[in-house]
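Trainee: Have a look at this one.
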Amino acid sequence: MKINRRIFTIQSILGTAGLVAVDLAQSEASLLLETSPQASALGYRADASKVESASFPNYAAGQKCASCQMFRAKQPTAAPGSCAIFPGKLVSGEGWCSAYMKAA
Ligand code: SF4
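For what it's worth, my numbering labels the leading residue of the sequence shown as 356, then goes sequentially.
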């Protein structure tokens with residue numbers, strides 16, 4: 356996994372100890388709530404079409420977790436998957452947050 360300053364900064368802000376393995380047993384993880392402090396801080400929405408673009412001008416239509424570098428899922432669909440930004444939680448494949456980085 357490519358580590359860059361943006362990821363490091365976000366991880367530091369969220370109080371985590373850096374990048375961790377994201378291949379969590381998905382059955383043990385719970386869905387990330389939009390109202391959790393970490394999700395709220397990054398403007399996470401389980402449905403990317405509900406992102407308030409006025410508040411998050413870096414959002415562009417079509418961006419979603421399933422196409423993000425941080426997303427790991429067993430199936431490349433809208434199914435939930437893990438995210439390096441939110442360890443121990445599952446994010447929606449149709450979701451989005453301001454840490455979005457298009458997968459290569
Ligand atoms: S957009 Fe990327 S960083 Fe943000 S919650 Fe989705 S997968 Fe994680």
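Note that the Cβ used here is the ideal one computed from N, Cα and C, for glycine as well. Every value quoted in this text rests on a predicted model; they were computed, and no experiment measured them.
1) Could you check where the alpha helix (DSSP H) with S395 kicks off and where it finishes?
2) So within the region 392 to 436, which uninterrupted alpha helix (DSSP H) runs reach at least 4 residues, ignoring any that extend past its ends?
3) Measuring straight from C-alpha to C-alpha, what distance separates S385 and A401?
4) Could you tell me if the beta carbon of V406 falls within a distance shorter than 7 Å of some heavy atom in the ligand SF4?
5) Taking C-alpha atoms, which residue in K457, W451, Y455 and A458 lies nearest to K405?
Mentor: Working from what's here:
1) The count along the sequence shown starts at 1 and reaches residue 395 at position 40. Here the alpha helix (DSSP H) through S395 covers P392 to A396.
2) 392 to 396
3) The sequence position of residue 385 within the sequence shown is 30, counting from 1. The sequence position of residue 401 within the sequence shown is 46, counting from 1. Approximately 13 Å between the Cα atoms of the pair.
4) One-based indexing of the sequence shown puts residue 406 at position 51. No, the Cβ of V406 stays beyond 7 Å of every heavy atom of the ligand SF4.
5) Numbered from 1 along the sequence shown, position 50 holds the residue referred to as residue 405. Checking every option, the nearest Cα to that of K405 belongs to W451.
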